[in-house]
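Trainee: Residue numbers for the sequence shown, in my numbering: 4 to 137. The beta-carbon is built from N, C-alpha and C at its ideal position, and this holds for glycine as well.
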Amino acid sequence: MQIRKYNKLSDESKLMKMIEDEEGWDYANETLAEKYKVALATSITYVAFHEDVLCGFSRSLNDFGAYIYVCDLLVMSACRGRDIGRKLMECIYQDYPDQVVYVMSDVDGYYENVGYKRIGSIFEVPCQKLVSHD
Ligand SMILES: CC(C)(COP(=O)(O)OP(=O)(O)OC[C@H]1O[C@@H](n2cnc3c(N)ncnc32)[C@H](O)[C@@H]1OP(=O)(O)O)[C@@H](O)C(=O)NCCC(=O)NCCS
């Protein structure tokens, strides 16, 4: 298995295809696909390959060189349970040793399993039209 930084030219179509095939991931749909391609190229994105098949990726945001927020982590269903998720996370803190890495979790059980510490929580701000300024 090989993990390296994302390359738009060689990886974009493979990565978008993997997302398209993944249940519950909407980023490859008509509305989001073009925006997500830009996000992949402008974020800290890593891809994992198993025998030339793109089987996982992570996408993270860099906050002024001090913090990194992992937004997306996905391993293809057929390749799960082989430490690919763990290695995709490891290469972030290895490549950015001076930054604190946080993950925006959708699967708390996984991050607890790999020994991450829970800090705070995330809130969704309600839609502006629901907010009264009176
Ligand atoms: C979560 C995900 C990235 C894990 O990838 P993976 O390559 O299968 O994980 P690893 O092989 O590195 O697993 C490491 C450990 O976590 C455990 N684990 C894996 N998925 C788990 C889950 N969903 N819940 C709890 N534990 C999990 C593994 O059993 C393993 O434990 P062990 O070391 O005791 O054997 C993968 O299941 C996935 O892509 N899920 C769908 C997308 C998703 O939910 N992404 C996270 C959104 S923030």
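Tell me whether L77 is buried or exposed, calling it buried when 16 or more other Cβ atoms sit within 10 Å of its Cβ.
Mentor: buried
Trainee: Just curious, the beta strand (DSSP E) that T48 is in, first and last residue?
Mentor: I47 to H53
Trainee: Could you check the C-alpha separation between K38 and Y99 for me, to the nearest Å?
Mentor: Straight-line Cα distance between these residues: approximately 26 Å.
Trainee: Hey, A21 and L43: beta-carbon distance below 7 Å or not?
Mentor: It should be noted that the sequence gives Met, not Ala, for residue 21. In this structure, L43 does not lie closer than 7 Å to M21 by Cβ.
Trainee: Would you be able to state if there are at least three C-beta pairs under 8 Å between the segment 9–17 and the segment 90–106?
Mentor: no
Trainee: Look at the alpha carbon of Y119 and the alpha carbon of N32, and state the distance between them as a whole number of angstroms.
Mentor: 32 Å
Trainee: Distance, Cα to Cα, Y5 vs K90?
Mentor: Looking at the sequence shown, residue 5 is not Tyr but Gln. Cα to Cα, the separation comes out at about 10 Å.
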